[in-house]
Amino acid sequence: TWVHKLLKQDEFALKQCFYGEHLLKDKTKPVVIVESEKTAIIASVYLPKFSWLAVGSLNNLNHEICEVLRGRFVVLFPDLKGFEKWSDKAKQFSAIATFTVSDLLERNATEEEKIKGLDLADYLIRYSHHDFALPEPDPLPEQEPEPATAPLSDSFSHKTYGPYDISLLIEFKSKDHAEEITSKPWDLEIMEIESYFNRIPVPESSIRVNPYSLIEDPAKFIQSHLEII
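Positions in the sequence shown are counted from 1; adding 41 to them yields our numbering.
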């Protein structure tokens, strides 16, 4: 029962939001949307490098609630039997954000699992979250930051993620237990990435990524990574 119903506030206009919507403040992480709050909580333990949001149910994903995702790269991870519906939604909302719908569960689930309508969390809890831990890289020596001609926030306000950055999620697997998963072609996604970087202004000054990493030539950095994929 909603509080505004108990208080008989008939004029109250309920506006729902994503569970975990506050996590969108961190623009350094790719965004993943699942159906249930339970799945978002469990997945955040196994794969903390992503911002996990939940919409509450398969049918709650709508244009209004997705407005907050504008300009972001988003992975939709529906429960079993929800892939087709969310694929249609992703096309409808393509003007808001760049959506990728994971069909990992659909491709690998047994018939019994499909009937039960399992979700991502049902698979993750079969393993220890330690199996998903990535080794921390050795820290580089500290360097004195070079002076920039413009504040970082003005020149490059956020990092944009493409499909290659979230391969751990789309094709998630435990390092000891998961079976080999067939990869899919990424031609369309790569074209979208190239098109995006051709449209946006690239900062000419160097970018300090973290205390140990400096991108001296952003244009060459982007081009070299596009050539790799």
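Using N, Cα and C, we set each Cβ at its ideal position, and we do this for glycine too. Bear in mind that the values here come from a model prediction, so they are computed numbers and not experimental data.
So, for Leu110: in the same chain, excluding its five sequence neighbours on each side, which residues have a beta-carbon less than 7 Å away from its beta-carbon? The count along the sequence shown starts at 1 and reaches residue 110 at position 69. Result list for Leu110: Val72, Ile137 and Ala138, in chain order.
For the pair the region 141 to 157 and the region 55 to 70, tell me if three or more CB-CB distances fall below 8 Å. no
Would you kindly check if the distance between the Cβ of Lys79 and the Cβ of Ala162 is under 8 Å? Counting from one through the sequence shown, the residue named residue 162 turns up at place 121. Counting from one through the sequence shown, the residue named residue 79 turns up at place 38. Taking 8 Å as the Cβ cut-off, Ala162 and Lys79 qualify as a contacting pair.
Can you have a look at Ser198 and say buried or exposed, based on whether 16 or more other CB atoms are within 10 angstroms of its CB? The count along the sequence shown starts at 1 and reaches residue 198 at position 157. Note that Ser198 scores 34 on pLDDT, short of 50, meaning its location in the model is unreliable; the coordinates nonetheless yield the value given after this. Classification for Ser198: exposed.
Starting from Ala95 and walking both ways along the beta strand (DSSP E), at which residues does that stretch end? Within the sequence shown, the letter at position 54 stands for residue 95. Ser92 to Ala95 is the extent of the beta strand (DSSP E) around Ala95.
Met232 burial status per 10 Å Cβ neighbour count (16 or more: buried): Here the question's residue 232 lines up with position 191 in the sequence shown. Flag for Met232 reads exposed.
Report buried or exposed for Leu94, applying the criterion of at least 16 other Cβ atoms within 10 angstroms of its Cβ. As a first step, residue 94 must be located in the sequence shown, where it is residue number 53. Buried: at least 16 other Cβ atoms inside 10 Å.
Where does Ser236 fall in DSSP's three states? Walking along the sequence shown from the start, residue 236 turns up at place 195. Helix, per DSSP.
Run of the alpha helix (DSSP H) containing Val109, from where it starts to where it stops: In the sequence shown, counting from the first residue as 1, residue 109 sits at position 68. Val109 -> no alpha helix (DSSP H), and no H or E assigned at all.
Check whether the Cβ atoms of Val250 and Ile263 sit closer than 8 Å, and answer yes or no. Start at 1 with the first residue of the sequence shown, and residue 250 comes out as number 209. Start at 1 with the first residue of the sequence shown, and residue 263 comes out as number 222. Not a contact, by the Cβ cut-off of 8 Å.
Contact belief for Leu99 with Leu159 at Cβ below 8 Å, rounded distance in angstroms: Counting from 1 along the sequence shown, the entry for residue 99 is found at position 58. Counting from 1 along the sequence shown, the entry for residue 159 is found at position 118. So it is not a contact: roughly 14 Å between Cβ atoms.
Measure the C-alpha to C-alpha separation of Trp127 and Lys49 and round it to an integer number of angstroms. Translated into the one-based positions of the sequence shown, residue 127 becomes position 86. Translated into the one-based positions of the sequence shown, residue 49 becomes position 8. If I take the Cα positions, the gap works out to 35 Å.
I need the boundaries of the alpha helix (DSSP H) containing Leu48, first residue and last residue. By 1-based counting over the sequence shown, the position of residue 48 is 7. First-last for Leu48: undefined, no H or E at that position.
How is the beta strand (DSSP E) around Ser128 delimited, first residue to last? In the sequence shown, the residue the question calls residue 128 occupies position 87. Segment Phe124 to Gln133 is the alpha helix (DSSP H) holding Ser128; no beta strand (DSSP E) there.
Expressed to the nearest angstrom, what Euclidean distance is found between the alpha-carbon atoms of Ser236 and Ser85? Residue mapping note: residue 236 aligns to position 195 of the sequence shown, counting from 1. Residue mapping note: residue 85 aligns to position 44 of the sequence shown, counting from 1. Between Ser236 and Ser85, the C-alpha separation is close to 31 Å.
Rounded to the nearest angstrom, what separates Glu245 and Ile234 at their Cα positions? The residue you call residue 245 lines up with position 204 of the sequence shown. The residue you call residue 234 lines up with position 193 of the sequence shown. Near 20 Å, if we compare the C-alpha coordinates of Ile234 and Glu245.
For the region 134 to 159, which segments carrying the alpha helix (DSSP H) assignment without a break, of at least 4 residues, lie completely within its bounds, in sequence order? 145 to 149 and 152 to 157
Excluding sequence positions up to five away, which residues of its chain have a Cβ less than 6 Å from the Cβ of Asn239? In the sequence shown, the residue the question calls residue 239 occupies position 198. So no residue of the chain qualifies.
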